[in-house]
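In my numbering, the protein residues as written are 4 to 238.
C-beta: ideal position from N, C-alpha, C; glycine also.
Below is one structure, written out as structure tokens; the observations come after it.
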């Protein structure tokens with residue numbers, strides 16, 4: 004997402020979820036809330052030079068409103084989630100934290116990256132994201148780990164108090180979501196660039212400056228032997 008770290012997206016989902024649990028948000032404002040949460044997460048994780056600008060986020064996310072509206076929503080979220088009773092946003096635990104703990108068990112870096120991709124898909128599904136972070140991480144990791152790691156998984160299940168029934172239900176939801184993403188058909192309509200009549204007219208007719216800069220056509224016979232003055236080349 005915007006070539007930033009997966010932690011940004013995981014924290015953005017967590018921030019959005021915590022905010023809508025405290026504040027009743029109208030559906031028309033949810034896109035702005037999600038984009039503002041992503042901006043907050045970026046400022047938590049990334050270096051300042053890598054922060055996306057509000058103008059860019061509004062343009063790419065199409066969340067509605069202006070960059071100032073996005074910054075105002077960012078301030079509202081920070082205020083509402085800044086309650087001393089609630090843990091700070093930086094200390095929130097996401098499923099990615101548990102998946103990172105299981106990283107040494109993965110057979111290869113490629114399989115771990117695929118697991119992160121599965122997690123990002125799950126974070127977009129309300130049905131799957133409703134499971135505990137530890138359950139979701141163990142369920143995803145179990146799809147890539149070998150049988151020899153079953154002892155480590157059993158230890159983590161006991162340590163995190165995860166039951167087999169929870170993993171079974173979560174795995175079923177994960178399979179449904181994976182099939183939905185894989186079988187998703189492309190957009191039925193192709194992207195069409197529609198131009199106004201004025202733009203078409205301007206494209207078809209060169210401007211006065213362009214016309215003035217046009218050079219006279221060069222004759223093809225100007226280099227013929229009869230017209231070439233050899234002596235002038237050495238003046």
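Return the Cβ separation of residue 126 and residue 102 in integer angstroms, given the expectation that the two are a contact with Cβ distance under 8 Å.
Numbered from 1 along the chain shown, position 123 holds the residue referred to as residue 126. Numbered from 1 along the chain shown, position 99 holds the residue referred to as residue 102. A Cβ-Cβ distance of about 11 Å is found for the pair residue 126 and residue 102, leaving them out of contact under the 8 Å criterion.
Inter-residue Cα distance where the pair is residue 113 and residue 201
The count along the chain shown starts at 1 and reaches residue 113 at position 110. The count along the chain shown starts at 1 and reaches residue 201 at position 198. The C-alpha of residue 113 lies about 51 Å from the C-alpha of residue 201.
Within the stretch 7 to 72, note down every full alpha helix (DSSP H) run reaching 4 residues or more, in order along the chain.
The stretch 7 to 72 contains these whole alpha helix (DSSP H) runs: 9 to 25, 33 to 48, 57 to 64.
Would you decide whether residue 17 is buried or exposed? Buried here means 16 or more other CB atoms lie within 10 Å of its CB.
Here the question's residue 17 lines up with position 14 in the chain shown. Counting of Cβ neighbours within 10 angstroms places residue 17 among the buried residues, the total reaching 16 or more.
Spatial neighbours of residue 142 in its chain, beta-carbon cut-off 7 Å, leaving aside the 5 residues before and after
Taking the chain shown and counting its residues from 1, the one referred to as residue 142 is at position 139. 170, 173, 174, 177, listed in sequence order.
Whose CA, out of 10, 163, 140, 79, lies closest to the CA of residue 27?
On the chain shown, residue 27 is found 24 positions in, with the first residue counted as 1. Of 10, 163, 140, 79, the smallest CA-CA separation from residue 27 is found for 79.
Would you mind stating whether residue 124 and residue 180 have Cβ atoms separated by less than 8 Å?
Counting from one through the chain shown, the residue named residue 124 turns up at place 121. Counting from one through the chain shown, the residue named residue 180 turns up at place 177. Cβ atoms of residue 124 and residue 180: closer than 8 Å.
Pick helix, strand or coil for residue 117, following the three-state DSSP scheme.
Along the chain shown, one-based indexing puts residue 117 at 114. Here residue 117 sits in helix by DSSP.
Tell me where the alpha helix (DSSP H) around residue 162 begins and ends.
Within the chain shown, residue 162 is the residue found at index 159, counting from 1. Unbroken alpha helix (DSSP H) run through residue 162: 153 to 163.
Pick from 185, 109, 135, 168: whose alpha carbon is nearest that of residue 153?
Residue numbering aside, residue 153 sits at position 150 when the chain shown is read from its first letter. Measuring from the Cα of residue 153, the nearest candidate turns out to be 109.
Mark residue 158 as exposed unless 16 or more other C-beta atoms lie within 10 angstroms of its C-beta, in which case mark it buried.
Your numbering for residue 158 matches position 155 in the chain shown. When all chains shown are included, residue 158 counts as exposed.
Could you check what DSSP says for residue 96 in three-state terms: helix, strand or coil?
As a first step, residue 96 is located in the chain shown; it is residue number 93 there, counting from the start. In the structure shown, residue 96 falls within a coil segment according to DSSP collapsed to helix, strand and coil.
Test item: CB-CB of residue 66 and residue 38 under 8 Å
As a first step, residue 66 must be located in the chain shown, where it is residue number 63. As a first step, residue 38 must be located in the chain shown, where it is residue number 35. A contact, by the Cβ cut-off of 8 Å.
Separation of residue 53 from residue 168, as counted between CA atoms
Locating residue 168 in the chain shown gives position 165, where the first residue counts as 1. Locating residue 53 in the chain shown gives position 50, where the first residue counts as 1. One C-alpha to the other measures close to 42 Å.
What is the C-beta distance between residue 136 and residue 98, in whole angstroms, given that I count them as a contact (C-beta under 8 Å)?
Counted from its first residue, the chain shown places residue 136 at position 133. Counted from its first residue, the chain shown places residue 98 at position 95. About 4 Å; that satisfies the 8 Å criterion.
Over the uninterrupted alpha helix (DSSP H) stretch that includes residue 111, give me the two end residues.
In the chain shown, the residue the question calls residue 111 occupies position 108. Counting along the chain, no alpha helix (DSSP H) covers residue 111, and no H or E run does either.
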